[in-house]
Amino acid sequence: MSRIERRVERLGLQLPATPKPVAAYVPAIKTGDYVHTSGQLPILNGKMVATGLLGRDVTLEQGQEAARACVLNALAAIRSVIGDLEEITQIIRMTVYVASTPDFTDQPEVANGASLFLEKVFRDKGSHARSAVGCSSLPRNSPVEVELTVEILERGELDK
Amino acid sequence: MSRIERRVERLGLQLPATPKPVAAYVPAIKTGDYVHTSGQLPILNGKMVATGLLGRDVTLEQGQEAARACVLNALAAIRSVIGDLEEITQIIRMTVYVASTPDFTDQPEVANGASLFLEKVFRDKGSHARSAVGCSSLPRNSPVEVELTVEILERGELDK
Amino acid sequence: MSRIERRVERLGLQLPATPKPVAAYVPAIKTGDYVHTSGQLPILNGKMVATGLLGRDVTLEQGQEAARACVLNALAAIRSVIGDLEEITQIIRMTVYVASTPDFTDQPEVANGASLFLEKVFRDKGSHARSAVGCSSLPRNSPVEVELTVEILERGELDK
Numbered sequence: 002m003s004r005i006e007r008r009v010e011r012l013g014l015q016l017p018a019t020p021k022p023v024a025a026y027v028p029a030i031k032t033g034d035y036v037h038t039s040g041q042l043p044i045l046n047g048k049m050v051a052t053g054l055l056g057r058d059v060t061l062e063q064g065q066e067a068a069r070a071c072v073l074n075a076l077a078a079i080r081s082v083i084g085d086l087e088e089i090t091q092i093i094r095m096t097v098y099v100a101s102t103p104d105f106t107d108q109p110e111v112a113n114g115a116s117l118f119l120e121k122v123f124r125d126k127g128s129h130a131r132s133a134v135g136c137s138s139l140p141r142n143s144p145v146e147v148e149l150t151v152e153i154l155e156r157g158e159l160d161k
Numbered sequence: 002m003s004r005i006e007r008r009v010e011r012l013g014l015q016l017p018a019t020p021k022p023v024a025a026y027v028p029a030i031k032t033g034d035y036v037h038t039s040g041q042l043p044i045l046n047g048k049m050v051a052t053g054l055l056g057r058d059v060t061l062e063q064g065q066e067a068a069r070a071c072v073l074n075a076l077a078a079i080r081s082v083i084g085d086l087e088e089i090t091q092i093i094r095m096t097v098y099v100a101s102t103p104d105f106t107d108q109p110e111v112a113n114g115a116s117l118f119l120e121k122v123f124r125d126k127g128s129h130a131r132s133a134v135g136c137s138s139l140p141r142n143s144p145v146e147v148e149l150t151v152e153i154l155e156r157g158e159l160d161k
Numbered sequence: 002m003s004r005i006e007r008r009v010e011r012l013g014l015q016l017p018a019t020p021k022p023v024a025a026y027v028p029a030i031k032t033g034d035y036v037h038t039s040g041q042l043p044i045l046n047g048k049m050v051a052t053g054l055l056g057r058d059v060t061l062e063q064g065q066e067a068a069r070a071c072v073l074n075a076l077a078a079i080r081s082v083i084g085d086l087e088e089i090t091q092i093i094r095m096t097v098y099v100a101s102t103p104d105f106t107d108q109p110e111v112a113n114g115a116s117l118f119l120e121k122v123f124r125d126k127g128s129h130a131r132s133a134v135g136c137s138s139l140p141r142n143s144p145v146e147v148e149l150t151v152e153i154l155e156r157g158e159l160d161k
């Protein structure tokens with residue numbers, strides 16, 4: 002188990018099983034020095050951790066937990082492509098889509114559930130650019146969807 | 002005509018004319034080994050194939066057709082930059098924005114209209130990371146907007 | 002002061018102070034030949050230039066001004082990372098999130114406030130791929146949020 006995964010476990014969490022590739026699109030893709038994930042939902046143990054809109058059905062705290070669950074799935078997706086999360090040299094970008102009523106405007110607080118988690122797990126490699134926006138609805142009635150782009154350094158390059 | 006365009010035609014479809022560059026922004030841009038498209042609308046023969054929100058005005062099937070029409074325009078935009086779609090080595094990312102009522106949560110099914118089309122046309126080069134999200138509304142009352150990032154290998158590099 | 006900043010000033014505008022890094026995420030990040038910004042809000046002199054939804058609370062003209070203010074903050078964020086905006090070789094991508102009622106569909110006109118500004122300041126280096134979409138709401142009740150990706154050429158490379 003890598004250091005990164007040990008840190009995840011010390012937070013009382015666990016990376017989900019590698020997500021199954023879906024027809025036509027994939028959980029994550031590597032290109033050059035980057036891995037891009039598909040938009041990830043907050044599904045843990047086969048169940049959405051919450052459903053509905055922030056500002057109506059879901060509390061801020063539930064939204065933060067959901068954002069963190071999305072990141073766990075994003076990391077599992079990345080691991081399925083590069084094998085070892087230690088190869089991540091920097092988290093680059095995160096977009097946090099938050100299913101929101103027109104009056105809910107605390108998307109950054111929801112997104113902090115994901116950003117603070119990345120910081121705890123990746124330390125200075127966890128700093129990232131971030132956008133948090135409100136969506137009218139999200140797939141499967143999810144309250145949050147997260148996509149990540151990370152920079153990687155391949156073992157081969159490290160050995161040079 | 003390239004193999005890629007022949008496959009499009011065998012599906013009974015056709016790439017639209019190269020979109021006209023709009024002042025200030027462009028249909029697609031090349032940087033390094035990538036081409037990024039602007040958000041594309043489902044306009045074919047000068048007409049939006051459907052208008053309105055999923056969950057109110059537009060059926061799932063119409064949404065899927067619209068998503069596919071957006072991809073046709075995205076490919077035309079990419080062709081206008083690189084000349085030949087055969088130079089695409091991999092479809093990397095697709096974001097599918099779906100104009101949705103708060104109760105419509107089948108964005109992935111809408112997006113499949115685009116993903117399955119890419120798979121048919123690009124085969125294994127068509128696998129991509131994907132996000133599908135619900136928007137309160139989209140430009141020109143469009144039900145779907147799609148942006149694509151593709152990886153390319155320039156002829157020059159192939160010749161080396 | 003760089004040529005780019007002089008052009009901004011000739012438009013009667015000014016780059017804001019470098020945004021303070023926020024815990025866990027950063028205003029902008031450099032990776033390879035690119036700088037990606039976080040989603041920027043239209044805050045000038047510590048105040049949001051407008052709040053609310055397009056189609057209900059905010060006029061098209063106010064939305065365009067807000068979009069331009071977002072870009073000013075994005076450029077300040079980029080400057081904080083690369084030091085000199087002259088190093089930008091091309092504006093690559095811009096996503097313009099517009100807080101919209103379901104009936105507001107003029108997101109491209111709002112986004113033009115940002116695109117035309119980039120064109121005036123960066124000339125041919127200002128052409129970019131762009132997506133403009135409607136959001137149910139945005140952080141801090143902002144009417145617009147903008148994220149930018151730019152291509153840079155480092156001094157070192159220029160000297161070679």
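Protein chains in written order, with the numbering used here: chain A, 2 to 161; chain B, 2 to 161; chain C, 2 to 161.
Even for Gly, the Cβ is constructed at its ideal location relative to N, Cα and C.
The region 28-46 of chain B contacting the region 146-153 of chain A, beta-carbon criterion three pairs below 8 Å: no
Helix, strand or coil for S39(C) per DSSP? coil
Chain A beta carbons: is any one of them nearer than 8 Å to that of R11(C)? no
Considering only C-alpha positions, which residue in the set V147(C), A130(C), N142(C) and V134(C) is nearest to T32(B)? Ranking the options by Cα distance to T32(B), first place goes to A130(C).
If we count the other Cβ atoms within 10 Å of its Cβ and call it buried at 16 or more, is M2(C) buried or exposed? Classification for M2(C): exposed.
Coil, strand or helix - S101(C) by DSSP: strand
Measuring only the C-alpha atoms, how far is I89(A) from P109(B)? The C-alpha of P109(B) is placed about 28 Å away from the C-alpha of I89(A).
Sorted by chain position, which residues of the same chain lie with C-beta nearer than 6 Å to S132(A)'s C-beta, five sequence neighbours on each side aside? T96
Taking its Cβ as the centre, do 16 or more other Cβ atoms sit within 10 Å of D104(C), making it buried, or is it exposed? It is exposed - the Cβ of D104(C) has fewer than 16 other Cβ atoms within 10 Å.
At least one CB of chain A closer than 8 Å to the CB of P43(B): is that the case? no
Test item: CB-CB of T52(C) and S128(C) under 8 Å: For T52(C) and S128(C), no; Cβs fall outside 8 Å.
At a CB distance below 9 Å, what residues from the region 72-87 of chain A approach chain C? Give them in sequence order. none
At a CB-CB cut-off below 7 Å, which residues of chain B make contact with I93(C)? I30, T32 and H37
Ignoring anything shorter than 3 residues, give me the beta strand (DSSP E) runs that lie fully in the region 26-75 of chain C, in order along the chain. 29-32 and 35-38
Any beta carbon from chain A within less than 8 Å of R8(C)'s own beta carbon? no
Would you please verify whether the beta carbon of K161(A) is less than 8 Å from any beta carbon of chain C? Note on K161(A): pLDDT 44, under 50, position unreliable in the model; no value is reported.
E110(B) lies in the alpha helix (DSSP H); which residues open and close that run? Q108 to F123
Going by the DSSP bridge assignment, what does R94(C) pair with across the sheet? A130(C) and T150(C)
For R124(A), count the other beta carbons within 10 Å of its own beta carbon; 16 or more makes it buried, fewer makes it exposed. Which is it? exposed
Using a Cβ cut-off of 7 Å, which residues of the region 129-154 of chain A contact any Cβ in chain B, in chain order? C136, S137, S138, L139, P140, R141, N142, E146 and E148
Backbone secondary structure at S1(A) - three-state DSSP: Residue 1(A) lies beyond the range of chain A shown here (2 to 161); nothing can be said about it.
Would you verify that the beta carbon of E62(A) is, or is not, closer than 8 Å to some beta carbon of chain C? no
Does the beta-carbon distance from L36(C) to A29(C) come in below 8 Å? The identity of residue 36(C) in the sequence shown is Val, whereas the question assumes Leu. For V36(C) and A29(C), yes; Cβs fall inside 8 Å.
Per DSSP, the bridge partner or partners of I89(A): I89(A) pairs with I153(A).
Closest by CA to T19(C), which one among E6(C), N74(C) and T102(C)? N74(C)
When you compare each of A112(C), G13(C) and S81(C) to A100(C) by their alpha carbons, which one comes out closest? A112(C)
Taking the beta carbon of L12(B) as the centre, do at least 16 other beta carbons fall within 10 Å, making it buried, or is it exposed? exposed
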